[in-house]
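*Asks:*
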Amino acid sequence: DNAIVVLESIDAWRARVRDGAAAALSGVREVWGAILASTLTTAVVFVPVITWEDEVGELLRDVAVAISMAVGFSLLVSVLVIPSFAAKLLRARTEAPRSDALSRLGAGIRDGIGRLVGGLTRSPARSLLVVLIGVAVTGAIAVRMLPPMEYLPTGNRNLVFGILVPPPGYSVDEMERIGQEIQGEVSRHTGAAVDGVPPISRSFFVGDPNRVIMGAVAERDEDIGGVLAYYRELEAKVPGVFSVATQASLFGRSIGGGRAVEVEVSGTDLDVIVGAGGMLLGAIREAIPGAQIQPIPSLDLGAPEIHAIPRRDEAAALGVGGAALGLGVDALVDGAIIGEYGREGEPKIDVTLRARGRDGAELVTPEALAAAPFATPRQSVSGAPIGGGGQVVPVGRLVTLREVAGPTVIQRIERRRAITLQVSPPSDLALEDAMRRIRGLVADMRGAEKIPEDIDIVLSGTAGQLDSAKRRFGEVLLLAFVISYLLLAALFEDFLAPIAVLVT
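Quick note on numbering: my numbering labels position 360 of the sequence shown as 360, and the sequence is numbered without any gaps.
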């Protein structure tokens, strides 16, 4: 662009002066300030992008450096090389008047445009009205035609991940049986196209009581879409579980997280959180058909657990404080970490206090825990014993054991209990559109009082990164606007003229 501007300016001066060197010098002198302003604006705008450390910075850093270097060299070539060649190769241009039909048509169009512009700028009020209408129309067209945003390209990576989240209480054996059953179905397609399913190169599955993770690679990269559809069909046949199957992203840092909106539902009462999360999950499924939704952790509170509720009066009479009681019960159940062992500067090993039954077995039943012995501290004043301390009593005398249903995992976000809904929209729905629909659902549900006021719902994950990227690009555009204004103000020696240029 810089070279074109300089050449046009030199060509215009060729008709005014006879000397080619003088035309080249006058042409570049006339436009070099505008070229310098344009080059500096472009280069400075990309400086913040070079300093970004996230995925967007890694993706755009090389582009920013390349563009900055290119416009810098373009400036040097346009003001040094182009005029030198023009002075040597171009001669003064003299135009003879032309009277053919094409020339008359061009002159008529030129004169008509001149009269139109002159009429529009005849008065300041008319000029201002034209500018306002032009800015409003172009702004409306730009907003209307602006496509919804995506964060980063997902690519076409030849890898499919499938996740099964069971209800609480499933054993390791049951999860292994489910994984083996699915893996047996998948193995039929290894190296061969069967029943319309593309051939699979390799596959795997791993898991624990909380979830099963599966994966597969197609023999041909272009067949990965068919493998993805096959995995979704397989997972849908498993009853009673949440299933998710997604294509791995080039920039994803977690399974299914490359192009996902994480809806964080947090609060203080876990039952209320689970209820709000369940309603929101159903609403998202209706609003975004084809979306893959994974609750983290499960929305089912069906896992049995035991709550140890202190009998405070009895414990106080025996001299047992809350911290000591909690430490003792923790040691009786799964062990309490009481310190670390290891040399200074080396990795430490946790020292765990763990209690066993008389036969060395773990205390796995409420009855065994209630009957476990607990030594209370001896209390005395001036050597004389007081109170009921110094006894060995059963744990059931100090706490009330209550069997309830609860989650297998409690997730916390900023110290509040939370559940995350990881929503992967279909490929034909832009990430920004999915975020807009989810935010609309949350607003409607709050308006209908379906979500309590003490429940916080925040969009994070890729959605949060997209919002952050939009904010940072907005800052870059603002910086570019300020730099352009200052450069134009220095070039025009006026503070108002640059505003008109930038607005129009």
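Even glycine gets a Cβ: it sits at the ideal position worked out from N, Cα and C.
Since L488 and V476 are thought to touch, with beta carbons under 8 Å apart, how far apart are those beta carbons, to the nearest angstrom?
*Replies:* Their Cβ separation, rounded to whole angstroms, is 18 Å, which puts L488 and V476 out of contact at 8 Å.
*Asks:* Could you round the C-beta distance between T211 and L164 to whole angstroms and report it? I think they count as a contact, below 8 Å.
*Replies:* Checking the sequence shown, residue 211 turns out to be Arg, not Thr. About 6 Å; that satisfies the 8 Å criterion.
*Asks:* For R416, which option in G396, D456 and I200 has the closest C-alpha, if you only look at C-alpha atoms?
*Replies:* The option with the nearest alpha carbon to R416 is D456.
*Asks:* Roughly how many angstroms lie between the CA atoms of I338 and L398, to the nearest whole one?
*Replies:* Approximately 22 Å, taken between the alpha carbons.
*Asks:* Indicate whether I508 and A24 have their beta-carbon atoms separated by less than 7 Å.
*Replies:* Since the first and last residues shown for the chain are 1 and 504, residue 508 lies out of range.
*Asks:* Could you check the C-alpha separation between P373 and R402 for me, to the nearest Å?
*Replies:* Going from the Cα of P373 to the Cα of R402 covers about 19 Å.
*Asks:* As a quick exercise: from I438, I483 and L429, pick the residue whose alpha carbon is nearest that of E150.
*Replies:* The shortest C-alpha separation from E150 is found at L429.
*Asks:* G134 by DSSP, collapsed to three states: which one?
*Replies:* Note: G134 maps to helix in three-state DSSP.
*Asks:* Could you compute how far the alpha carbon of D173 sits from the alpha carbon of L301?
*Replies:* Each residue's Cα considered, the two are about 21 Å apart.
*Asks:* Might you give, ordered along the chain, the residues of its own chain that have their beta carbon closer than 8 Å to the beta carbon of A418, omitting 5 neighbours on each side?
*Replies:* Cβ neighbours of A418 beyond the five flanking positions: E264, V265, S266, G267, I273, Q411 and R412.
*Asks:* Given A216, which residues of its chain have a CB within under 6 Å of its CB, disregarding the five upstream and five downstream residues?
*Replies:* Counting only Cβ-Cβ distances below 6 Å, and skipping sequence neighbours, we find V160, I200, S203 and V227.
*Asks:* Can you grab the Cα-Cα spacing for the pair R358 / A283, in whole Å?
*Replies:* Those two C-alpha atoms are separated by around 53 Å.
*Asks:* Runs of 4 residues minimum, wholly inside the region 211-295: which ones carry the alpha helix (DSSP H) assignment?
*Replies:* Those alpha helix (DSSP H) runs which fall completely within the region 211-295 and span 4+ residues are 224-236 and 270-287.
*Asks:* Should F495 be labelled buried (16 or more other beta-carbon atoms within 10 Å of its own) or exposed?
*Replies:* F495 is exposed by the Cβ-count criterion.
*Asks:* Please report the residue range of the beta strand (DSSP E) in which G207 lies.
*Replies:* G207 -> beta strand (DSSP E) spans I200 to D208.
*Asks:* Could you say if the region 70-88 and the region 24-44 meet the contact criterion of at least three C-beta pairs nearer than 8 Å?
*Replies:* The answer is yes - the region 24-44 touches the region 70-88, with three or more Cβ pairs under 8 Å.
*Asks:* Let me confirm a value: P166 is counted as buried when at least 16 other C-beta atoms fall within 10 Å, else exposed. Which label applies?
*Replies:* Classification of P166: buried, given that the 10 Å Cβ count is 16 or more.
*Asks:* For the candidate residues L102, R259, V329 and I499, whose alpha-carbon lies nearest to that of P394?
*Replies:* Among L102, R259, V329 and I499, the Cα nearest to that of P394 belongs to V329.
*Asks:* How big is the Cα-Cα spacing for M445 and N156?
*Replies:* Cα to Cα, the separation comes out at about 36 Å.
*Asks:* What is the rounded straight-line gap between the Cα of Y341 and the Cα of E362?
*Replies:* Whole-angstrom Cα-Cα distance: 24 Å.
*Asks:* Where does F205 land, buried or exposed, given buried means 16+ other C-beta within 10 angstroms?
*Replies:* F205 is buried by the Cβ-count criterion.
*Asks:* What residue range does the beta strand (DSSP E) around Y341 cover?
*Replies:* That run of the beta strand (DSSP E) goes A336 to Y341.
*Asks:* Could you please give the first and the last residue of the uninterrupted beta strand (DSSP E) stretch that includes E403?
*Replies:* It spans V399 to G406 - the beta strand (DSSP E) in which E403 sits, taken as one unbroken run.
*Asks:* Please report the distance separating the alpha-carbon of I293 from that of G464.
*Replies:* So the alpha carbons of these two residues sit roughly 17 Å apart.
*Asks:* Report yes if the C-beta distance between V423 and A291 is below 7 Å; otherwise report no.
*Replies:* In contact: V423 and A291 (Cβ atoms closer than 7 Å).
*Asks:* Please list the terminal residues of the continuous alpha helix (DSSP H) segment that includes V49.
*Replies:* V47 to T51 is the extent of the alpha helix (DSSP H) around V49.
*Asks:* Going by alpha carbons, who is nearest to R356 out of D334, D350, R343 and P366?
*Replies:* With distances taken between Cα atoms, R356 lies closest to D334.
*Asks:* Are P168 and T408 touching if we call contact CB-CB under 7 Å?
*Replies:* In this structure, T408 lies closer than 7 Å to P168 by Cβ.
*Asks:* Can you tell me whether A448 is buried or exposed, with buried defined as 16 or more other CB within 10 angstroms of its CB?
*Replies:* The residue is exposed, with fewer than 16 neighbouring Cβ atoms inside 10 Å.
*Asks:* Beta-carbon within less than 7 Å of A375's beta-carbon, same chain only, minus the 5 sequence neighbours each way: which residues are those?
*Replies:* Cβ within range, chain order: V392.
*Asks:* How many whole angstroms separate the CB atoms of A260 and T462, which I take to be in contact at a CB cut-off of 8 Å?
*Replies:* That pair is a contact at about 6 Å.
*Asks:* At what residue ranges does the region 429-484 contain a whole run of the alpha helix (DSSP H), taking only runs of 4 or more?
*Replies:* With a minimum length of 4 residues, the continuous alpha helix (DSSP H) runs that stay inside the region 429-484 are 431-447.
*Asks:* With a threshold of 6 Å on Cβ separation, who are the neighbours of G27 within its own chain once the five nearest residues in sequence on each side are excluded?
*Replies:* Result list for G27: S9, I10 and W13, in chain order.
*Asks:* Look up S382 in the DSSP assignment and say whether it is helix, strand or coil.
*Replies:* For S382, the pLDDT reaches just 47, beneath the cut-off of 50, and the residue's location in the model is therefore unreliable, leaving the point undetermined.
*Asks:* Would you report the Cα separation of P209 and K348, rounded to the nearest angstrom?
*Replies:* Answer to the nearest angstrom: the Cα atoms are 29 Å apart.
*Asks:* Could you spell out where the alpha helix (DSSP H) holding R416 opens and where it closes?
*Replies:* Element bounds for R416: not the alpha helix (DSSP H) but the beta strand (DSSP E), R416 to S424.
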